[in-house]
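Before any comments, here is the structure.
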Amino acid sequence: MSAGERYAFAAYAVVLATVLVYLVIIALKVSRLERDLGELAERAHERRAAEERKERVPVG
Amino acid sequence: MSTSLRNNQSVLLAAAALGLLGSGVALALFWAPEDADQGFSQRIFYIHVPVALTAYACFGWAAWKALRLLWLREERYDLESYVAVHLGVIFGVLTLATGSIWAKASWDVWWTWGERQLVLFLVLFLFYSAYFMLRYSVEPGRRRANLCAVYALFGVVLIPVSFLAIRLAEQFIHPVVFNADGPQMEDSMFATFLVCLAGTLALAGALYHVELAGKRIDARVRRLRELLA
Chain A
0 MSAGERYAFA AYAVVLATVL VYLVIIALKV SRLERDLGEL AERAHERRAA
50 EERKERVPVG
Chain B
0 MSTSLRNNQS VLLAAAALGL LGSGVALALF WAPEDADQGF SQRIFYIHVP
50 VALTAYACFG WAAWKALRLL WLREERYDLE SYVAVHLGVI FGVLTLATGS
100 IWAKASWDVW WTWGERQLVL FLVLFLFYSA YFMLRYSVEP GRRRANLCAV
150 YALFGVVLIP VSFLAIRLAE QFIHPVVFNA DGPQMEDSMF ATFLVCLAGT
200 LALAGALYHV ELAGKRIDAR VRRLRELLA
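Chains as they are written, first to last, in numbering that gives the first Met the number 0: chain A, 0 to 59; chain B, 0 to 228.
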């Protein structure tokens, strides 16, 4: 492989690698959001269950 | 715009970026004729110039959104302008990296301070990099949005200066491919360049939509957490 070919492939590889790193960062963000949403859904579910229990308590 | 429409746009842009960039790289490396002067390393042109033009487009888009924010006072334009600057800086890094590699291959130097085009692009890049320092040193809110919008608008003035610098320079080693007579290259080279440019613009568009969607979901999750606290 000539020096020109090496430099050309290096330039294309830099762009590809950057796009891949960006994709990995986005994938990590999505998985964090998924985890956060799961945690919030669980918290909302617990709160609803607690409110339902409170409503069932006989008054008087 | 509805969420499903936005998702469809992202998918379409991502598919277009994959197809166009894949074809563009194949055309650039295997189909476009070899430059008689620079040889194989000239093929860096097909990625370096589209990436640089995409960086300019992102900064221009950020300025447009900043103008919309200042004009219409709608909060969503602040986030849109920020995401466009973010992408412009990423494409700016790629422009500097691919440009350095091309400079080393053609001129045997990684960088030269004597070239106005290079120095002005670096100034533009550093200007927009400083945008993040401004953004994260001010409390979120209307004041921060206005400051960032004004900053993004000022930066866009540097784009025509950077673009025209090479044409105003008296002595340069940076090649001039596009002048008043049109593109100074063979039709097959120009076609390859256009496919690569369309690919990088589609890639920027797809990343813009994905990043924006991520940031909007993040903000909603934060609000939801505050409500459930």
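Glycine included, C-beta positions come from ideal geometry on N, C-alpha and C. Since the model is a prediction, treat every value here as computed from it, not as a measurement.
query	result
CB contact check: Glu51(A) to chain B, cutoff 8 Å	no
Given 8 Å, three or more beta-carbon pairs between the segment 209-224 of chain B and the segment 69-79 of chain B	yes
Whole-angstrom distance between Arg224(B) and Ala40(A), CA atom to CA atom	10 Å
Validate contact between the segment 53-69 of chain B and the segment 7-21 of chain B using beta carbons, cut 8 Å, 3 pairs	no
Cβ shell of Arg221(B) (< 7 Å), same chain only, five flanking positions each side left out	none
Proximal residues of chain A, C-beta to C-beta of Lys64(B) below 7 Å	Under the 7 Å cutoff, chain A gives no residues; its nearest Cβ is about 21 Å from Lys64(B).
Simplified DSSP assignment, three categories, for Pro49(B)	helix
Which listed residue (Arg47(A), Met0(A), Gly3(A) and Val14(A)) has its alpha carbon closest to that of Val48(B)	Val14(A)
Status (buried if at least 16 other CB within 10 Å, exposed otherwise) for Leu117(B)	buried
Any C-beta of chain A under 8 Å from that of Ser40(B)	yes
Partners in chain A for Thr97(B), counting only beta-carbon separations shorter than 8 Å	Ala10, Val13 and Val14
Environment of Val24(B) [buried if 16+ CB atoms lie within 10 Å]	buried
Among Leu196(B), Met132(B) and Val88(B), nearest to Met124(B) - alpha-carbon criterion	Here residue 124(B) is Phe; the residue named in the question, Met, does not match the sequence. Out of Leu196(B), Met132(B) and Val88(B), Val88(B) has the C-alpha closest to the C-alpha of Phe124(B).
Buried versus exposed call for Val138(B) [16 or more other C-beta atoms within 10 Å across all chains shown]	First, the amino acid is wrong: residue 138(B) is Glu here, not Val. That one is exposed.
Beta-bridge partners of Asp34(B), as assigned by DSSP	Gly38(B)
Test: Gly23(B) CB closer than 8 Å to a CB of chain A	no
Residue range of the unbroken alpha helix (DSSP H) whose run includes Val20(A)	Ala2 to Arg55
Own chain, CB closer than 8 Å to Met132(B), minus 5 neighbours either side, in chain order	none
Beta carbon proximity, Asp36(B) to chain A, threshold 8 Å	no
Beta-carbon proximity of Arg42(B) to Ala31(B), cut-off 8 Å	yes
Within chain A, partners of Ala104(B) - CB distance below 8 Å	Ala2, Gly3, Tyr6 and Ala7
Length of the line joining the Cα atoms of Glu33(B) and Val10(B)	35 Å
Cross-chain neighbours of Ile158(B) in chain A, by beta carbon under 9 Å	Result: empty, since nearest Cβ-Cβ is about 21 Å, beyond 9 Å.
Listed by chain order, chain A residues near Arg224(B) by CB distance under 7 Å	Leu39
Close Cβ partners of Gln8(B) (< 7 Å) along its chain, the five nearest in sequence each way excluded	His208
Contact set between Arg42(A) and chain B, taken where Cβ atoms lie within less than 8 Å	Leu227
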